[in-house]
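Novice:
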Amino acid sequence: MIDYDFQGFVNNKYIIKAKSDKFSILVEADSLEDAQAKAKEKLIELSKTAETQIQNTKPHRKPKRKIRYRFNI
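Residue numbers for the sequence shown follow numbering that gives the first Met the number 0, so the first one is 0 and each next one is one higher.
(1) Among ASP20, LYS21, LYS16, which residue has its Cα nearest to the Cα of GLU27?
(2) Suppose you measure from the CA of ASP20 to the CA of ILE1; what does that come to, to the nearest Å?
(3) Just how far apart, CA to CA, sit PHE22 and LYS12?
(4) Is the Cβ-Cβ distance between ILE24 and LYS41 less than 8 Å?
(5) What are the boundary residues of the alpha helix (DSSP H) that includes SER46?
In structure tokens form, the structure reads like this:
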């Protein structure tokens, strides 16, 4: 679910804050509908990239210790 909060009107552009469960972004556009559409696209894109980054990370493993032998001959 995405919540939209109107933040202001600056330089003939609307600024809204869009919040989803995980992310919060500020978007500016010429109209409120455009701003909501942009925010929705960006939040979907952010969630997809976050999922791929989570899938690409591997759990941390302790590296195996090399055992070296020295022989004095």
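Backbone N, C-alpha and C fix where the C-beta goes; we use that ideal spot for every residue, glycine too.
Specialist: With the structure as the only source:
(1) Taking the sequence shown and counting its residues from 1, one reaches residue 27 at position 28. Of the candidates ASP20, LYS21, LYS16, the one whose C-alpha sits nearest the C-alpha of GLU27 is LYS16.
(2) Taking the first residue of the sequence shown as 1, we reach residue 20 at position 21. Taking the first residue of the sequence shown as 1, we reach residue 1 at position 2. ASP20 and ILE1 have their alpha carbons spaced roughly 8 Å apart.
(3) What you label residue 22 is simply residue 23 of the sequence shown in a count that begins at 1. What you label residue 12 is simply residue 13 of the sequence shown in a count that begins at 1. Straight across, the Cα-Cα distance linking PHE22 with LYS12 is about 22 Å.
(4) Translated into the one-based positions of the sequence shown, residue 24 becomes position 25. Translated into the one-based positions of the sequence shown, residue 41 becomes position 42. For ILE24 and LYS41, yes; Cβs fall inside 8 Å.
(5) Here residue 46 is taken as the residue at index 47 of the sequence shown, counted from 1. Per DSSP, SER46 belongs to the alpha helix (DSSP H) from 31-55.
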